[in-house]
Amino acid sequence: MTRPLAPLLDRLAPCGPIVDPKAAERAHEGIARRAGEQMASIDAAWPALAPVFAASPYLAGLARRDGARLPLILESDPQARLSDILAAAEAVAAEPDFETARKTLRELKADLHLLTALADLGGVWDLDAVTGALTRFADASLHAALAQAARVEVARGALTHVGDGEDGPIPGLFCIAMGKHGAHELNYSSDIDFSIFYAPEALPVSEGTEPQGVAVRLTQHLGRMLAERTADGYVFRIDLRLRPDPSSTPPAMPIDAALDYYESVGQNWERAAHIKARIAAGDIARGEAFLDELQPFIWRRNLDFAAIADIHSIKRQIHAYKVDERLEAKGADLKLGRGGIREIEFFVQTQQLILGGRHPDLRSPRTLDALSALRDAGHVTPEDCAYLTAAYHDLRALEHRAQMIADDQTHKLPESDADRKKVAALWNHGNLRSFDAAVGKMLKGVNQRYGALFKGEEELSSRFGSLVFTGVEDDPETLATLKRMGFSAPDRVAATIRGWHHGHIAATRTERSRELFTRLAPRLLDAANATGAPDAAFNRFADFFASLSSGVQIQSLFLAQPRLFELVVQVMAFAPRLATTLARRPTALDALLDPAFFGPMEVPADIPWDPAEFEPSMDAARRLFRDQSFRIGVRVMSGTADARDVGRAFADLGDLIVGGLAPAALAEVERLGGAFPGQVAVVALGKAGSREMTAKSDLDLMTLYAADEPAAMSEVKGWSADVFYARFTQRLTSALSAPTAEGTLYEVDLKLRPSGSKGPVAVSFTAFEDYYERESETWELLALTRARVIWASSPDFKARAEGAIEAALRRPRDVAKTAADVLDMRDLMERERPGKGPWDLKLEPGGLVDIEFIAQFLQLAHGPDGGPLAQNTGEALSALIAAGLGDKASLNAALSAWRLEQDLSQLIKVALEDGGDPENEPKAFRALLARAGHVTQFRSLKAKLLKAKAEARAAFEAVVKA
Numbered sequence: 001m002t003r004p005l006a007p008l009l010d011r012l013a014p015c016g017p018i019v020d021p022k023a024a025e026r027a028h029e030g031i032a033r034r035a036g037e038q039m040a041s042i043d044a045a046w047p048a049l050a051p052v053f054a055a056s057p058y059l060a061g062l063a064r065r066d067g068a069r070l071p072l073i074l075e076s077d078p079q080a081r082l083s084d085i086l087a088a089a090e091a092v093a094a095e096p097d098f099e100t101a102r103k104t105l106r107e108l109k110a111d112l113h114l115l116t117a118l119a120d121l122g123g124v125w126d127l128d129a130v131t132g133a134l135t136r137f138a139d140a141s142l143h144a145a146l147a148q149a150a151r152v153e154v155a156r157g158a159l160t161h162v163g164d165g166e167d168g169p170i171p172g173l174f175c176i177a178m179g180k181h182g183a184h185e186l187n188y189s190s191d192i193d194f195s196i197f198y199a200p201e202a203l204p205v206s207e208g209t210e211p212q213g214v215a216v217r218l219t220q221h222l223g224r225m226l227a228e229r230t231a232d233g234y235v236f237r238i239d240l241r242l243r244p245d246p247s248s249t250p251p252a253m254p255i256d257a258a259l260d261y262y263e264s265v266g267q268n269w270e271r272a273a274h275i276k277a278r279i280a281a282g283d284i285a286r287g288e289a290f291l292d293e294l295q296p297f298i299w300r301r302n303l304d305f306a307a308i309a310d311i312h313s314i315k316r317q318i319h320a321y322k323v324d325e326r327l328e329a330k331g332a333d334l335k336l337g338r339g340g341i342r343e344i345e346f347f348v349q350t351q352q353l354i355l356g357g358r359h360p361d362l363r364s365p366r367t368l369d370a371l372s373a374l375r376d377a378g379h380v381t382p383e384d385c386a387y388l389t390a391a392y393h394d395l396r397a398l399e400h401r402a403q404m405i406a407d408d409q410t411h412k413l414p415e416s417d418a419d420r421k422k423v424a425a426l427w428n429h430g431n432l433r434s435f436d437a438a439v440g441k442m443l444k445g446v447n448q449r450y451g452a453l454f455k456g457e458e459e460l461s462s463r464f465g466s467l468v469f470t471g472v473e474d475d476p477e478t479l480a481t482l483k484r485m486g487f488s489a490p491d492r493v494a495a496t497i498r499g500w501h502h503g504h505i506a507a508t509r510t511e512r513s514r515e516l517f518t519r520l521a522p523r524l525l526d527a528a529n530a531t532g533a534p535d536a537a538f539n540r541f542a543d544f545f546a547s548l549s550s551g552v553q554i555q556s557l558f559l560a561q562p563r564l565f566e567l568v569v570q571v572m573a574f575a576p577r578l579a580t581t582l583a584r585r586p587t588a589l590d591a592l593l594d595p596a597f598f599g600p601m602e603v604p605a606d607i608p609w610d611p612a613e614f615e616p617s618m619d620a621a622r623r624l625f626r627d628q629s630f631r632i633g634v635r636v637m638s639g640t641a642d643a644r645d646v647g648r649a650f651a652d653l654g655d656l657i658v659g660g661l662a663p664a665a666l667a668e669v670e671r672l673g674g675a676f677p678g679q680v681a682v683v684a685l686g687k688a689g690s691r692e693m694t695a696k697s698d699l700d701l702m703t704l705y706a707a708d709e710p711a712a713m714s715e716v717k718g719w720s721a722d723v724f725y726a727r728f729t730q731r732l733t734s735a736l737s738a739p740t741a742e743g744t745l746y747e748v749d750l751k752l753r754p755s756g757s758k759g760p761v762a763v764s765f766t767a768f769e770d771y772y773e774r775e776s777e778t779w780e781l782l783a784l785t786r787a788r789v790i791w792a793s794s795p796d797f798k799a800r801a802e803g804a805i806e807a808a809l810r811r812p813r814d815v816a817k818t819a820a821d822v823l824d825m826r827d828l829m830e831r832e833r834p835g836k837g838p839w840d841l842k843l844e845p846g847g848l849v850d851i852e853f854i855a856q857f858l859q860l861a862h863g864p865d866g867g868p869l870a871q872n873t874g875e876a877l878s879a880l881i882a883a884g885l886g887d888k889a890s891l892n893a894a895l896s897a898w899r900l901e902q903d904l905s906q907l908i909k910v911a912l913e914d915g916g917d918p919e920n921e922p923k924a925f926r927a928l929l930a931r932a933g934h935v936t937q938f939r940s941l942k943a944k945l946l947k948a949k950a951e952a953r954a955a956f957e958a959v960v961k962a
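When the letters of the sequence shown are read in order and numbered with this note's numbering, they come out as residues 1 to 962.
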């Protein structure tokens, strides 16, 4: 039955109390000045108008700006007035002047806004009538704007004509309304979401004109017509970001490109968005054919478990509050916040996506119609349906009233009590406390029902809050969550993750990989937060993730082994060199998959290259070094390796690489100069010799050689022994230190050879023996205690070199002079190379240098009498204690301090740059350091280290001075 026509003023009822009588009085005075003789109808309706204009400066302004606007609305039937406004908007399509068209649409929008607000607040129109009126005007405006845009392009000669048939103003081009626009559910100050698609071959472009450029310009003209603010305001804000991959596609897309996108990388949230899609303007038939082709994408008849779980994830990314948690009206986001409109929409849409493929009756684009259909099909209880329906009506009404205050595109209730009272008054609440209580109760009720959907499944939010990465814009709750998690640029993190969801990288290019990433994303963010350095962890993980050629296997691994994943993220946060390795060579991660990874630390027994090929050997050595260093470094970060084992593993890796490159270097020199009759050995000194290497240790090396005959020469070039083995040393040094396409290996230091940098780079055997018998200084003998032959051209020459080293160490010497030299050396070091603070574990008093000097001095002192010799500091101290050589208490204190400093040094060298101060590192790293030092608190570690260094310093002075 059709309702008889009746003027609006006869049907208006007050919406609530007059929140600001003075504002109402000012509004009345201003309107009276403009309306003049037409005030009769206004005064008759004033009891219903006063509460509106008292609360809404925007609506009062609309009434005041045009004296005829309010009387005409009040004296007309609202539906009849709406029809007139819509007809006038449609007529704008034929307006020949672009600027006149712009002005007219803006004036009509003002008429529509005042009419809609009064009919809504006065209880004349229900929610469907309000949103329907707004949507119908949006459609009429979009049609008119499209026609005006076409006129501009015809005028510039790009289009041949403006269409006037069923294929719209621009044949081949159409606009798909999305979201609330598509479902006829527009809110009061909504923008309009639509996507523009076209068939290039169908556009009426002039000869030689590129369709893409025309389509993009048409989009720009639409923006000028609808969204650009002028003195008359604007018509609608427009949002084109629901098109495929908006960050990397033009604002208008060819149909085929769009279909390819949806078939290949379309996401579940995009399927949900298309539930509400409809053709709003343009070439209607072509648009409907496009949507018909999309139906299999939107409504999938067959869904496997993973696909269903990924649909569930749309819901599970939103944090559901617990029973005792409060949801407040103050500042509440009625659309995106907890208990808001989005939760009701997701409640409906997720079930539609799962069930709608097989049940077409569940495919309604309108939220409440779909909710009722789910109830009728038995998927939602009648009680939940009734509650959510009522809540949806109330939330939309509140959203409209919040927007009516100042025509803001806001979805939030005001923070201030005074402003929130205005919204309350428009919702017929005179008491702010009761208003806040009612809103809070409603939000909690919605959130509880939302939380019960798919209950018991894996949460995809965080304890910090929601983590929603669907859609094309930042979710405010998610940005707040990311900020609470410690990220300095939440918007950048959110944009990066959305890009991954869009398949911008190979690791998320397939549907299965994106389903896995949906589950991995919150774990990644939580793990990054747990490191205390979330920015570094996320950024380095992003580099790694972007380098993957595929993502299914690695993401499945991370999800199946969460502790391994947390360890990898920890590496990203605290070990930049390891993170770089992983980013450049993701296959390094394979080492972690080895079941023996956490077993004894061993390097491969054999080299994976042919020493006969010099340059390929260099590249292969660098790949081996990178993979094995990564493996050792991760063991350090995991806290599952003893520092002594780590030092040996790094040294064994160096031995393996030198042992593989030395034959390659020798073969290369022989290729260039011919074979030479002689023998050569490579001796490691320093930390490489003592097998105490860290992640940043260089290689201290010396080469010893002996010709078979004094006058021997190489076969081709006639090189003498010194030239031949100098070339060998240079080639080996280059092989170990020169950068190649595969990176670098070691810094090589040859200065510990006899005569240091002044002598020849290769040392003849006789010169070595003579030097250490006649010329060597105490510091050179101290260094020689750590000498270890790591490669030789023959076993016999290796044994001969080892014998020469031991002979040099066991020669008789003046112990008192040696002690004095050691003290002088340490004094000189403290003056010229003082320690850099309490975390300089090498040079500070009581650091590793003091402890090494103790072991080296005692070996020189007792070596002539058969005392123990050992390159490793810890082994040497243990052997000296066992032999009763030196004060036992002092040596035990030195050994204990050495072990602690080794434990800490290995972790610091893996994680920090040189000079890095653990005091300035995140709490999580300090906890790792405390664990390495076998204490529970970082402050306890500092005290333990201070005590150990003091005891080590005392031991140094007691042993050497004694």
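Even for Gly, the Cβ is constructed at its ideal location relative to N, Cα and C.
Which same chain residues, not among the five before or five after residue i, have their C-beta less than 7 Å away from its C-beta?
i	result
A373	D361, L362 and S364
L592	L564 and V634
K798	A681, V789 and A792
Between the C-alpha atoms of residue i and residue j, what's the straight-line distance to the nearest angstrom?
i	j	result
Q409	S189	5 Å
V323	E345	Because the pLDDT at V323 is just 41, under 50, the model does not fix this residue reliably, and the value given afterwards should be weighed accordingly. Near 22 Å, if we compare the C-alpha coordinates of E345 and V323.
Y321	M225	Note on Y321: pLDDT 48, under 50, position unreliable in the model; no value is reported.
I908	P576	12 Å
A227	R585	48 Å
G498	V472	Here residue 498 is Arg; the residue named in the question, Gly, does not match the sequence. Going from the Cα of R498 to the Cα of V472 covers about 8 Å.
F728	H501	54 Å
S764	P663	19 Å
W609	A665	13 Å
A1005	K961	Here the chain covers residues 1 to 962 and nothing more, so residue 1005 does not appear.
A620	G659	13 Å
Mind checking whether residue i and residue j have CB atoms under 8 Å apart?
i	j	result
V683	R788	yes
P534	A542	no
R64	I31	yes
A280	I176	yes
L242	G179	yes
A215	L173	yes
L548	A507	yes
I192	H181	yes
A147	P171	no
L8	S76	yes
Considering only DSSP beta bridges, list what residue i is partnered with.
i	result
C175	I196 and A281
Q679	A706
A1009	Shown here, the chain extends from 1 to 962; a query on residue 1009 therefore has no answer.
A792	A681
P254	Y198
Less than 6 Å between C-beta atoms, sequence neighbours within five positions excluded: which residues of the same chain meet that for residue i?
i	result
E483	A quick correction: the sequence has Lys, not Glu, at residue 483. Closer than 6 Å at Cβ, skipping near neighbours: P490.
E566	A527
Going along the chain, which residues of its own chain have a beta-carbon closer than 8 Å to the beta-carbon of residue i, five neighbours each way excluded?
i	result
A68	A35 and Q38
For the pair the region 614-628 and the region 725-739, tell me if three or more CB-CB distances fall below 8 Å.
yes
Would you say the region 34-44 touches the region 442-451, given that touching needs at least three Cβ pairs under 8 Å?
Short answer: they don't touch.
Would you call the region 621-629 and the region 739-752 touching, i.e. three or more CB-CB distances under 8 Å?
yes
Using 8 Å as the threshold, is the region 427-447 in touch with the region 332-344, meaning 3 or more CB pairs across them?
yes
Taking contact to mean at least 3 C-beta pairs separated by less than 8 Å, is the region 828-841 in contact with the region 871-882?
no
Do three or more CB pairs link the region 45-60 to the region 13-28 at distances below 8 Å?
yes
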